[in-house]
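Taking it in order: structure first as structure tokens, then the write-up.
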Amino acid sequence: MDKDTVILLAEDDEGHARLIMKNLKRAGFDNRLILFKDGRETLNYLFREGEGPHRDTAAKYILLLDISMPKVSGIEVLNRIKQNDELMKMPVIMITTTDDPHEVARCHKLGCSRYIIKTADYDKFVGAINELGTLSW
Amino acid sequence: MKNGSKTEGLNRKTLNRDWRHRVSLTVKMVVLTIVTGLVVWLVLDYALTSKLRTIFHSQLTERLGHNAMEDRLSFDRYVKAFQGAVKLFITQKNFSDYVESRKWTADGTPRIRYHVRSPVWFPRRSALRAFSQPRYALLLDASGRTREVYHSRKDILPLWLIKPAPLLIRKSHHQSFMTSIDNVPYIFSAESYFDSGKKVKAILLLASPIDDEFLNASLSTIQQGRLVALLTSEDEPRIMTSSNLEELPAGTRLNSLKDRYLITGEEFFDYGASELQIKLISFVSLDEIDLLTASVIARARQERAVLAFILILTSALMMFWITRNIHQITRRITDFSQHTLGMKPQELPKGDQLQILKERFQSLTDEVVKAREIIRQQAEEQTRLIVNNAFDAIITTDENGEIMTWNPQAENIFGLKREEAVGQNITRTINLPQYEEADGNNFRHFLDTGEEVIFNRQIQVTAVHSKGYIFPVELTISPARSDDRYIFIAIIRDITERKNAEQKLKDLNYELAQKNRELEQIIRITSHDLRTPLVNIYGFSRELESSVDKLTSDLRSDRIPKDIKEKVSLTLERDILESLKYITKSTSRMNVLLNGLLKLSRLGRVELNIQKVDMNNLMSDVSGIFEFQLKDGEVKLDISELPPCEGDEDQLNQVFSNLIGNALKFLDTGQAGIIEVTGHQMDGQSVYCVKDNGIGIDPDNINRIFEMFQQIMPGKSPGEGLGLTIVQKAVERHHGKIWVESEPGKGSRFFVSLPG
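As given, the protein sequences belong to chains A and B, one line each in that order.
Heads up: the first sequence begins at 853 in the working numbering, then just goes up one per residue.
Heads up: the second sequence begins at 9 in the working numbering, then just goes up one per residue.
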């Protein structure tokens, strides 16, 4: 991930968000980070709808997406993204607590690039975040 | 009175019957044969005998005729020979010499010389035998005066013979002259002897009385013994002389003999100038004929008797053989009726076997008819019992759907009494109107084409009760062929209750499924929702840990006084880190539990992919998973040949992984661990056994190991304590069973049975 890529984080739980941000920083990702509290905000930003900040069409983004979010769920967001010609190219990493294989399979089918499980196995979680750097976009 | 006589009549009849029956068939046949034989014989005898007699008679007569002819020829020859003899005698040298030597004179009365023994001039007696033996021979001189007389016997000679008349002499010349003198027939023959001067010198005269001797002599040897006689030539012929004067005395009238004798040959001899006309007739005594006939007939009778005897014997033997066979047949019939028909055993009476057979056969047919009737009745009774006591309604209809029978249960189910139902059309009584047409068509379709659309299958329809309400029934209609027509048998069961129960069950199941889904959802949501704060707790605890690390490293700065450094680091290192340690441990544990719960909830939802599973492959996969741990703990995993089973491969993998994992967890550290996996098939199930030689399970705990969150030894190993619960749930979802046998200190055996 290059320094210019903007990291979008859609996560409703504050604690989780803080943990992710801390770990990103610790992993060395200094990129600009935008936080969304629910699916609606995320969509508004990405699709440049409604109130609030809008996406910059020129910039490069990577989206860390939590499945369970109020207003609009992560799955729905993923779905909409992948249906949009412009946005479908954007890498989406699902970060979620559920490890239900069905959900995992569904996300992969929809086209997420990665699936990270937030567990209390913190080391694993951290490790997965670190690997984000190795991904080639 | 009437009864008495009737019984008496019957008794007599029975008696008569008995008598006829008591006699054996063989005996009857033999008697019959004998009687028939006798009758035939007598008839034949009579016919044959008279015929024989006639034949005999004619044969005899013919033969007699021949004989008579022979006799006459013989006589004739003899008579002629008489003359021939005299001729011959004259030519004899003895005669000529003698005569020549005689000096007979014509005067005086010559003295007659009598000879008893053959004189010189006459052949010897022995030689005479070849010729007719004349009784008398007279040598006469030329004047016809008797000179010498030879008479073969000493008897008194009649005068006319001693001095024969010249007429006699003359008539006797050159022929056999027969005449009767004093009622005694004689035969004469004479020849004159001529001397050298052709002058008669002597005359030889032979004479014999024609008596029985003469007759007998005239007959040749073969004719000896025949009865011949010479008859006088009167109107009423009499016997002059015969060959056997005792039987046929002279003078007997011929007519008187005609009943006692067969008489032939009545012919006159023509002897030229003979004054005597004699007949030679042959007699055969009728008695003799009778004797002969009788002997022949007797012979014939004998032969016939022998033949008859043989026939009777043969017939008797055959009858005996036939009788035996009849007896055997009768016995077989008796056995049959005893053993197969179950009738009372009966002794076979002795007597006329054919009659007995007839009777037995008759009673057999009666018994068979009876037995058949009994069977039919029993079958009917059985059917009636079944139909009347059946729990289902049994209704039969004819080809048009018209009800023929209606059992008690049909009355119950449809609320229609038998009397009301019989005769009605079935579709109209128990069907809803909209089905009438369809069903009618179905019946017709079948009758026309033989195709069964609704028949011989269980179908559920709605029926109408007589009270008007409708209810569900299960029915089967089977067509059956009876003679030429079809009848339809409908078996109907009221399934109202069943339907209700089914519905209830369905509702309950639905509710249950609902509840299950709710529960699962609760678990899922709860565990998921619980996870979220847990992540925070854990995460931030670790943050705290790293913050403590940071502080610790910051403390190393020289600018902080030593005693403060010590105090702070103590609090940091000991208190804070320790507290954090407990927090992280507990949350970790909570996480594990939550994960387990999640897994458990998911188990119910995941669809099973049931296939035939090769357990050998599966176990080699499982042993692959534990390869490292096995090597590390120096545990031997021994997997035998396993039978296949039906199930979801993933789930079964989970099951056996759990079991192996458990076995590894509870090893006995004191000895080398051995885990054995075996399996066999039994009653369509595949039963597997995971056996270990670990520490075993306490009898107190053995019932609880499958319960949720049970850990026998918490802390000894990581895990939620859900492992066996998950295994049990999975096995049960496969419709299998799991159970355990264990002995503390020796080891445990986990058995899993799955559909094979």
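Every residue gets a Cβ at the ideal spot worked out from N, C-alpha and C, and that includes glycine.
(request) Residues of the stretch 871–895 of chain A with a CB closer than 7 Å to any CB of chain B: list them in chain order, please. (result) 871 and 874
(request) Throw me the rounded Cβ distance for the residue 560 of chain B and residue 580 of chain B pair, which I believe falls under 8 Å. (result) 6 Å
(request) Take the Cβ of residue 689 of chain B as the centre, count every other Cβ of all protein chains shown within 10 Å, and call the residue buried at 16 or more, exposed below. (result) exposed
(request) Could you please tell me which residues of the stretch 522–553 of chain B, in chain order, have their CB closer than 7 Å to any CB of chain A? (result) Residues passing the 7 Å Cβ filter: 536, 539, 540, 542, 543, 544, 546, 547, 548, 550 and 551.
(request) Flag residue 164 of chain B as yes when its Cβ comes closer than 8 Å to any non-hydrogen atom of the ligand MN, and as no otherwise. (result) This structure simply doesn't include the ligand MN, nor any ligand for that matter.
(message) On the DSSP bridge list, what partners appear for residue 55 of chain B?
(response) Bridge partners of residue 55 of chain B: none, in fact.
(request) State the Cα-Cα distance for the pair residue 958 of chain A and residue 617 of chain B, rounded to the nearest angstrom. (result) Residue 958 of chain A and residue 617 of chain B: Cα-Cα distance of roughly 19 Å.
(request) Counting only the same chain and skipping the five closest in sequence on each side, list residues whose C-beta sits under 6 Å from that of residue 3 of chain B. (result) A question about residue 3 of chain B goes unanswered here, because the residues of chain B that appear run from 9 up to 764.
(message) Taking 8 Å as the cut-off, does the stretch 913–923 of chain A touch the stretch 889–900 of chain A (at least 3 CB pairs, one atom from each stretch)?
(response) yes
(request) Could you spell out where the beta strand (DSSP E) holding residue 760 of chain B opens and where it closes? (result) 755–763
(request) Output the residue ranges of the alpha helix (DSSP H) runs that lie fully inside the stretch 602–686 of chain B and measure 4 residues or longer, sorted by chain position. (result) 623–633, 635–641 and 657–673
(request) Compute the Euclidean distance between the alpha carbons of residue 931 of chain A and residue 898 of chain A, then round it to the nearest angstrom. (result) If you draw a straight line from the Cα of residue 931 of chain A to the Cα of residue 898 of chain A, it is about 13 Å long.
(request) Look up residue 122 of chain B in the DSSP assignment and give the residues it is bridged to. (result) B:157
(request) Pair every Cβ in the stretch 69–79 of chain B with every Cβ in the stretch 314–328 of chain B, then say whether three or more of these pairs are closer than 8 Å. (result) no
(message) Ignoring anything shorter than 3 residues, give me the beta strand (DSSP E) runs that lie fully in the stretch 73–130 of chain B, in order along the chain.
(response) Entirely contained in the stretch 73–130 of chain B, the beta strand (DSSP E) runs reaching 3 residues are, in chain order, 121–123.
(request) For the stretch 479–550 of chain B, list the beta strand (DSSP E) runs that are entirely contained and at least 3 residues long, ordered along the chain. (result) The stretch 479–550 of chain B contains these whole beta strand (DSSP E) runs: 493–502.
(request) Look up residue 433 of chain B in the DSSP assignment and say whether it is helix, strand or coil. (result) strand
(request) Would you verify that the beta carbon of residue 606 of chain B is, or is not, closer than 9 Å to some beta carbon of chain A? (result) Yes, contact with chain A.
(message) Given this structure, state the Cα-to-Cα distance separating residue 594 of chain B from residue 906 of chain A, to the nearest angstrom.
(response) 43 Å
(request) Tell me, please, whether the CB atom of residue 920 of chain A is closer than 9 Å to any CB atom in chain B? (result) With its beta carbon less than 9 Å from one in chain B, residue 920 of chain A belongs to the interface.
(request) Please confirm if residue 923 of chain A has its CB atom under 9 Å from at least one CB of chain B. (result) It does not; no Cβ of chain B falls within 9 Å.
(message) Here's the rule I'm using: 16 or more other beta-carbon atoms within 10 Å means buried, otherwise exposed. How should residue 868 of chain A be labelled?
(response) buried
(message) Does any residue of chain B have a CB that is nearer than 9 Å to the CB of residue 970 of chain A?
(response) At least one chain B Cβ lies under 9 Å of residue 970 of chain A.
(message) Please report the distance separating the alpha-carbon of residue 564 of chain B from that of residue 534 of chain B.
(response) Rounded to whole angstroms, residue 564 of chain B to residue 534 of chain B spans 45 Å at the Cα level.
(message) Cβ closer than 9 Å: which chain B residues qualify as neighbours of residue 865 of chain A?
(response) 540, 541, 543 and 544
(request) Whole angstroms is fine: what's the gap from residue 989 of chain A's alpha carbon to residue 608 of chain B's? (result) For residue 989 of chain A, the pLDDT reaches just 46, beneath the cut-off of 50, and the residue's location in the model is therefore unreliable, leaving the point undetermined.
(message) Closer than 7 Å between beta carbons: that is the criterion. Which residues of the stretch 943–969 of chain A meet it against chain B?
(response) 949, 950 and 952
(request) Under 9 Å between beta-carbons, which chain B residues line up against residue 868 of chain A? List them in chain order, please. (result) 540, 543, 544 and 547
(message) Let's see if you can read the secondary structure: which residues bound the beta strand (DSSP E) around residue 577 of chain B?
(response) Careful: residue 577 of chain B lies outside any beta strand (DSSP E), inside the alpha helix (DSSP H) at 570–578.
(message) Taking DSSP's pairing of strands, which residues face residue 309 of chain B in a bridge?
(response) None; residue 309 of chain B has no bridge partner.
(request) Take residue 665 of chain B as the anchor and find which of B:310, B:41, B:637 and B:99 has the nearest alpha-carbon. (result) Considering only alpha carbons, the answer is B:637.
(message) Taking the alpha carbon of residue 228 of chain B as the reference point, which residue from B:345, B:562 and B:86 has its own alpha carbon closest?
(response) Out of B:345, B:562 and B:86, B:86 has the C-alpha closest to the C-alpha of residue 228 of chain B.
(message) Considering only the alpha carbon of each residue, which of B:270, B:672 and B:99 lies closest to residue 640 of chain B?
(response) B:672
(request) Look at the Cβ atom of residue 762 of chain B, then the Cβ atom of residue 660 of chain B, and state whether they are nearer than 9 Å. (result) yes
(request) Please work out which residues of its chain come closer than 8 Å, Cβ to Cβ, to residue 945 of chain A, disregarding the five sequence neighbours upstream and downstream, and give them in chain order. (result) 914, 915, 916, 917, 964, 965, 966, 967, 968 and 984
(message) Excluding the 5 residues flanking residue 485 of chain B on each side, which residues of the same chain have their C-beta closer than 6 Å to its C-beta?
(response) 463, 496 and 498
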